[in-house]
Amino acid sequence: MRLLLIHPSALMYSEIFLRLEPLGLERVAGAARESGHEVRVIDLQTESHTALKRLMESFRPEAIGVSLNYLANIPEAIEIAQAAKRRLPGVFVFFGGHSVSFVADDVLEQADGAVDAVARGEGEAAIGPLLDAARDGGLSSVPGAVTLEGRGPAPTMLHSIDSPRPARDLLRHRRRYFIGELDPCASIEFTRGCPWDCSFCSAWTFYGRSYRKASPQVAAEEMASIRERNVFIVDDVAFIRPEHGDGIAAELERRRIRKSYYLETRADVLLRNREIFERWSRLGLKYMFLGMEAIDAEGLDLYRKRISPDENFHALETARKLGITVAINLIVDPAWDRERFRIVREFALSVPEIVHLTVMTPYPGTEIWHTEARKLTTRDYRLFDIQHAVVPTTLPLDEFYRELVRTQSVINRKHLGLRTAFGAARVLAANLARGQTNFARMLWRFNRVYNPARQMADHGRPVRFELPLPRHLEVEDRRQLYIHTKPAPKGRDDAAARNPETLPE
Ligand code: B12
Ligand code: SF4
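First residue of the sequence shown: 1, per UniProt numbering; consecutive thereafter.
1) Quick one: which unbroken alpha helix (DSSP H) runs of 4-plus residues sit fully inside the region 25 to 109? Chain order, please.
2) For residue 93, which option in 145, 470, 69 and 103 has the closest C-alpha, if you only look at C-alpha atoms?
3) What number of angstroms, rounded off, separates the C-alpha of residue 151 from the C-alpha of residue 118?
4) Between which two residues does the alpha helix (DSSP H) containing residue 293 stretch?
5) Please say whether residue 95 and residue 115 have beta carbons closer to each other than 8 Å?
6) Considering only the alpha carbon of each residue, which of 297, 244 and 220 lies closest to residue 259?
7) With DSSP run on the structure shown, which of helix, strand or coil describes residue 273?
8) For residue 386, is the classification buried or exposed, using 16 other Cβ atoms within 10 angstroms of its Cβ as the cut-off for buried?
9) Beta carbon of residue 333: closer than 7 Å to some heavy atom of ligand 2?
10) For the alpha helix (DSSP H) that residue 342 lies in, which residues bound it at each end?
11) Relative to the C-alpha of residue 281, which candidate in 322, 450 and 289 has its C-alpha closest?
12) Just to confirm the assignment, what range does the beta strand (DSSP E) spanning residue 327 have?
13) The beta strand (DSSP E) with residue 186 in it runs from where to where?
14) What's the C-alpha gap between residue 304 and residue 478?
15) For the 8 Å Cβ check, are there 3 or more pairs between the region 287 to 294 and the region 257 to 277?
16) In the DSSP assignment, find the alpha helix (DSSP H) that holds residue 314 and state where it starts and stops.
17) Which residue marks the beginning of the alpha helix (DSSP H) containing residue 233, and which one marks its end?
18) Run through DSSP, which three-state label would residue 178 get?
19) Compute the Euclidean distance between the alpha carbons of residue 413 and residue 356, then round it to the nearest angstrom.
20) Alpha carbon to alpha carbon, what distance is there between residue 483 and residue 109?
21) Assuming the contact rule is C-beta atoms closer than 8 Å, residue 353 and residue 404 should be a hit. Round their C-beta distance to whole Å, please.
22) Give me, in chain order, the residues of the same chain whose beta-carbon lies closer than 7 Å to that of residue 23; leave out the 5 immediate sequence neighbours on both sides.
23) Could you say if the region 73 to 85 and the region 17 to 31 meet the contact criterion of at least three C-beta pairs nearer than 8 Å?
24) Tell me whether the region 173 to 187 and the region 129 to 137 touch, counting them as touching only if at least three CB pairs, one residue from each stretch, are closer than 8 Å.
25) Report yes if the C-beta distance between residue 214 and residue 257 is below 8 Å; otherwise report no.
26) Check each residue's C-beta against every heavy atom of ligand 2 and list, in chain order, those closer than 5 Å.
27) Return yes when the Cβ of residue 29 is within less than 8 Å of the Cβ of residue 56, no when it is not.
28) Kindly examine ligand 3 and report whether one of its heavy atoms sits closer than 7 Å to the Cβ of residue 92.
29) Does the distance between the C-beta of residue 412 and the nearest non-hydrogen atom of ligand 1 fall short of 7 Å?
30) Spatial neighbours of residue 421 within its chain, please: C-beta separation below 6 Å, excluding the five flanking residues on both sides.
31) Determine whether the beta carbon atoms of residue 366 and residue 205 lie at a separation below 8 Å.
32) Does the distance between the C-beta of residue 355 and the nearest non-hydrogen atom of ligand 1 fall short of 7 Å?
33) Under the criterion of a Cβ to heavy atom distance below 7 Å, does residue 301 qualify as lining ligand 1?
34) Please name the residue or residues paired with residue 260 in a DSSP beta bridge.
35) So is residue 343 buried or exposed if we call it buried at 16+ other beta carbons inside 10 Å?
36) Sort out for me which residues DSSP pairs residue 197 with in a bridge.
Okay, structure coming up:
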């Protein structure tokens, strides 16, 4: 079949700080190609809707799949589906990805016939059977498939994430992917899943708290095949298992691969596996993203982070000693008042790290969706991008945004000041000389993208598609939140994450 896969446009955050390749969609493309289909991919983070229209006309796809990792992209995806059905009668349209897996039935209803199926869960195993069924019938028996008629069997999980390899060659504008000064930047996956269970996050519920690792040889071979000299490691929590991080490092050393890396991990993992991060800093690990979330114990407990403020601060010192630049994330509670914003500004200015702020947002698939969602002040999907407030704020909304943007811009100015002091000008000049302008643009766009008036105006847009309200669920039975389930190993309970010795193999 001729299959067109689409990644929707960038969200607010990605307009400045980063834009990364859609690795999940590339893996689905890889699997479809292995099953004998002719595949094209378009990423609307780097191309326009006009380009999409042209591609639909020239390629005449028989099936179109849209990637929906982000809730905020759902209205755009439904509009793409409706336009596709008008333009290409008979085309089979389906959605897949992280967020849509949690609201599949509602999205199908909202699309009102423009979407034929949603593939819940991982896409690699689903894509072959789904396309076969689109051609020959039998959609209701495809694992993970949901249609207006109902749900098929539970989605299938890959036994190993070693294959299929992502079809990176199908992306046309690879030079447009970047993260900060790592420009251009590719992405890679070493592990999939997260064994922790933070209340605001759906990474663990999607994979049913499972955790799989790529084999070090395969990971290193894939790294060797990547042309870009910068690589973002997409794992939720990198190097949980020290022997795995060591194994990949050994394979990279053997092949003499040296690149600059950016990864995401937890403070306690960094403290526990310091030697691995040290070894990786020798291999080129430059940046690390730590989801600190809160600066006080009360906040950390609230999000069930299972970490103390001391561990967080100790981790920052450790990273500094290793020469790794850390970006930390703090969750802005809509209950914050002016004083709280002031304390956070003070904290952000007192540490050398890059500080990002994201607004606490209940997402389907998270526990707080079931405890907080009744209080929603809006159900406009587009505002669920963790840069907008969707539950009541203590401050009047416009003042909340003014405080938020003021705090973000104070932090941003500090960050830019430091970067200039530490030689961003040199990096910038080198990037521009290679024709890479993403980082330079980022430096100048902040005020345009982040401004309280724009954020307020976003709340006033007419709403075509609304997020469904959560169905009643006892969150004590957390397995009901899972997309993928696997039987819990004997004798292991949900507290496994607290003890590294009992983390999944
Ligand atoms: C890496 C990552 C990023 C990267 C890269 C994202 C990218 N370009 O795809 C960066 C850092 C840019 C990023 C940014 C953000 N992210 Co992010 N991100 C992740 C993370 C950790 C892993 C995603 C990943 O690459 N996984 C590996 C690949 C192989 O898996 P995958 O993409 O999920 O794809 C699989 C399936 O979803 C499915 N699939 C995917 N697409 C399709 C399409 C079809 C047709 C089919 C059939 C199947 C299918 O099959 C794939 C293979 O199994 C996830 C958490 C998680 N574990 O999923 C959060 C996550 C997706 N991000 C999240 C958020 C909130 C954001 C931001 C909004 C954060 C912010 N600060 O503003 C931004 C917005 C980005 C944007 N689009 O503009 C949330 C989503 C919440 C939501 N419900 O909308 C998540 C779930 C994390 C969380 N805390 O819960 N993110
Ligand atoms: S450790 Fe990170 S990925 Fe895992 S559940 Fe918590 S926030 Fe999500």
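For each residue, glycine too, the CB sits at the ideal point set by N, CA and C.
Walking through what the data contain:
1) 49 to 59, 74 to 87 and 98 to 102
2) Start at 1 with the first residue of the sequence shown, and residue 93 comes out as number 93. With distances taken between Cα atoms, residue 93 lies closest to 145.
3) For the purposes of this step, residue 151 is taken as residue 151 along the sequence shown, with counting starting at 1. For the purposes of this step, residue 118 is taken as residue 118 along the sequence shown, with counting starting at 1. Approximately 9 Å between the Cα atoms of the pair.
4) For the purposes of this step, residue 293 is taken as residue 293 along the sequence shown, with counting starting at 1. Taken as a continuous stretch (DSSP letters only), residue 293 belongs to no alpha helix (DSSP H), being part of the beta strand (DSSP E) at 285 to 293.
5) Position 115 of the sequence shown holds residue 115. Position 95 of the sequence shown holds residue 95. Taking 8 Å as the Cβ cut-off, residue 115 and residue 95 qualify as a contacting pair.
6) Here residue 259 is taken as the residue at index 259 of the sequence shown, counted from 1. That would be 220, whose Cα lies nearest to the Cα of residue 259.
7) Here residue 273 corresponds to residue number 273 of the sequence shown, with the count starting at 1. In this structure, residue 273 counts as coil in the three-state DSSP scheme.
8) Mapped onto the sequence shown, residue 386 falls at position 386. Buried, by the Cβ-count rule.
9) Within the sequence shown, numbered from 1, the residue matching residue 333 stands at position 333. False, no ligand heavy atom lies under 7 Å from that Cβ.
10) By 1-based counting over the sequence shown, the position of residue 342 is 342. Here the alpha helix (DSSP H) through residue 342 covers 338 to 350.
11) Numbered from its first residue, the sequence shown carries residue 281 at position 281. Here the closest residue by C-alpha is 322.
12) Here residue 327 refers to the residue found at position 327 when the sequence shown is read from its first residue. Per DSSP, residue 327 belongs to the beta strand (DSSP E) from 325 to 332.
13) Position 186 of the sequence shown, counted from the start, is the residue given in the question as residue 186. Unbroken beta strand (DSSP E) run through residue 186: 186 to 188.
14) Locating residue 304 in the sequence shown gives position 304, counting from the first residue. Locating residue 478 in the sequence shown gives position 478, counting from the first residue. Distance between the alpha carbons of residue 304 and residue 478 is about 14 Å.
15) yes
16) On the sequence shown, position 314 is the one that residue 314 refers to. 309 to 322 is the extent of the alpha helix (DSSP H) around residue 314.
17) Here residue 233 corresponds to residue number 233 of the sequence shown, with the count starting at 1. Run containing residue 233: none in the alpha helix (DSSP H); it sits in the beta strand (DSSP E), 230 to 233.
18) Start at 1 with the first residue of the sequence shown, and residue 178 comes out as number 178. In this structure, residue 178 counts as strand in the three-state DSSP scheme.
19) The residue given as residue 413 occupies position 413 in the sequence shown. The residue given as residue 356 occupies position 356 in the sequence shown. Residue 413 and residue 356: Cα-Cα distance of roughly 12 Å.
20) Position 109 of the sequence shown holds residue 109. Position 483 of the sequence shown holds residue 483. Using only the alpha carbons, I get a separation of about 20 Å.
21) One-based indexing of the sequence shown puts residue 353 at position 353. One-based indexing of the sequence shown puts residue 404 at position 404. The pair is not a contact, with the Cβ atoms about 19 Å apart (cut-off 8 Å).
22) Within the sequence shown, the letter at position 23 stands for residue 23. Contacts found: 166, 187, 189 and 234.
23) no
24) no
25) In the sequence shown, counting from the first residue as 1, residue 214 sits at position 214. In the sequence shown, counting from the first residue as 1, residue 257 sits at position 257. Taking 8 Å as the Cβ cut-off, residue 214 and residue 257 do not qualify as a contacting pair.
26) 194, 196, 198, 201, 203, 204 and 236
27) Residue 56 sits at position 56 when you count from the first residue of the sequence shown. Residue 29 sits at position 29 when you count from the first residue of the sequence shown. Contact flag unset, no.
28) Ligands in the displayed structure: ligand 1 and ligand 2; ligand 3 is not one of them.
29) Start at 1 with the first residue of the sequence shown, and residue 412 comes out as number 412. For ligand 1, not one heavy atom lies less than 7 Å from the Cβ of residue 412.
30) If you number the sequence shown from 1, residue 421 lands on position 421. Only weak support exists for where residue 421 lies, its pLDDT of 46 falling under 50; the value from the coordinates is given anyway. Taken in chain order, the list of residues that qualify is empty.
31) Locating residue 366 in the sequence shown gives position 366, counting from the first residue. Locating residue 205 in the sequence shown gives position 205, counting from the first residue. Contact: yes.
32) For the purposes of this step, residue 355 is taken as residue 355 along the sequence shown, with counting starting at 1. Answer for residue 355: no, Cβ out of range of ligand 1.
33) Counting from 1 along the sequence shown, the entry for residue 301 is found at position 301. Residue 301: no, Cβ never under 7 Å from ligand 1.
34) One-based indexing of the sequence shown puts residue 260 at position 260. The partner list for residue 260 (beta bridge, DSSP) reads 230.
35) The sequence position of residue 343 within the sequence shown is 343, counting from 1. Exposed.
36) Indexing the sequence shown from 1 puts residue 197 at position 197. Residue 197 pairs with nothing; no bridge assigned.
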